[in-house]
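Structure first, then comments.
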Amino acid sequence: MRALMMGLIGLGLTSGMAAAQGIDPANCAQSAKVVMEAVQARKDGIPQARTERELRRVLDRNAGQQLAEWIYSLPADELTPEVGRSWKAQCEGQ
Numbered sequence: 563m564r565a566l567m568m569g570l571i572g573l574g575l576t577s578g579m580a581a582a583q584g585i586d587p588a589n590c591a592q593s594a595k596v597v598m599e600a601v602q603a604r605k606d607g608i609p610q611a612r613t614e615r616e617l618r619r620v621l622d623r624n625a626g627q628q629l630a631e632w633i634y635s636l637p638a639d640e641l642t643p644e645v646g647r648s649w650k651a652q653c654e655g656q
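In terms of my numbering, the sequence shown opens at residue 563 and continues consecutively.
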C-alpha cells in the first residue's frame, strides 16, 4: 500500500480520474503502474475500504472511490498484467 501511495504522489494526481485524461502520455506508464499496485493490493487481500482510503488521500474523493470500486469489481481471473496494459493503452489514446 505504501508503494501505491508513493506512486500516486509521484504522479502528482490531484484532480482525480479526470487527471487520467489530462496526464501527459509520457506519464501513462507510471499511471498504469499505480493501477497495477492497486490491483496487487486487492490480490494481497487488502480490503477495498483501505485501498479506497489510500487512493482518496491523493486523488479526489470520487476518483479514489471509482478506481477502487473498479478494481474490486473485476473478476479475480482478470487481475492480470492486462489491466495495466489496457489502462496504459487507454491513457495513451486520450
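Glycine included, each C-beta is placed from N, C-alpha and C at the ideal position.
Bear in mind the structure is a predicted one, so any value in this text is a computation, not a measurement.
| Check | Outcome |
| --- | --- |
| Tell me the rounded alpha-carbon separation between Glu654 and Ala591. | 9 Å |
| Taking the alpha carbon of Gln628 as the point to measure from, which residue in Ala600, Lys595, Asn589 has its own alpha carbon closest? | Ala600 |
| Give me the residue from Tyr634, Leu636, Arg615, Ser635 with the minimum Cα distance to Gly626. | Arg615 |
| Could you tell me the distance, in whole angstroms, from the CA atom of Gly607 to the CA atom of Glu631? | 15 Å |
| Beta carbon of Tyr634, beta carbon of Arg612: below 8 Å? | no |
| So which of Gly646, Ser593, Thr642 has the shortest CA-CA distance to Leu621? | Ser593 |
| Using the three-state DSSP reduction, which class does Thr642 fall into: helix, strand or coil? | coil |
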